Amino acid sequence: MLVHTSPILDALGNVVAALELSTNIGKIKEIQKELTLLGQSVAILSHDIKNILEGLQGGAYVVDEALKDQDQELMKKGWSVVKKNINEISRLVQNILYSSKKRKPAYEVIAIEQMLMGTVGVFHEKAQSIDCR
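As numbered in the numbering used here, residues -1 to 131 make up the sequence shown, in order.
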């Protein structure tokens, strides 16, 4: 509750009454919490999208290098990275749509090593194709 109090004065300046206004700000506090959570969610989503876009850029770079060098094996590797990241962005969007409905969360166990190796693979391909001379 938010309470404002103000004296009511007579012609001589004496306090003859008090005016009190009470406002329930519970709903406002609830909305503030929801907006904070929404802001945090947008930040997390932006980070995920940025990572996927970097993966797409890395894969596209590898494909460009393969086209330039006419290297079919490198082309396959780069295209594989591009397809993986297209699947990731599609999965992310599906998850956003799915989570926009009220449901109980479903947790799953993932193999962190596999995810990390995939990430390392994206940057390894890009690093290998850069001429540092």
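Even for Gly, the Cβ is constructed at its ideal location relative to N, Cα and C. Please read all numbers here as calculations on a predicted model, not as lab measurements.
- Only exposed fits residue 65, as fewer than 16 other CB atoms lie within 10 angstroms of its CB.
- The beta carbons of residue 40 and residue 57 sit no closer together than 8 Å.
- Relative to the Cα of residue 124, the nearest Cα in the group 6, 73, 14, 28 belongs to 73.
- Nearest Cα to residue 18 within the set 45, 4, 11: 4.
- Here DSSP, grouped into helix, strand and coil, assigns residue 10 to coil.
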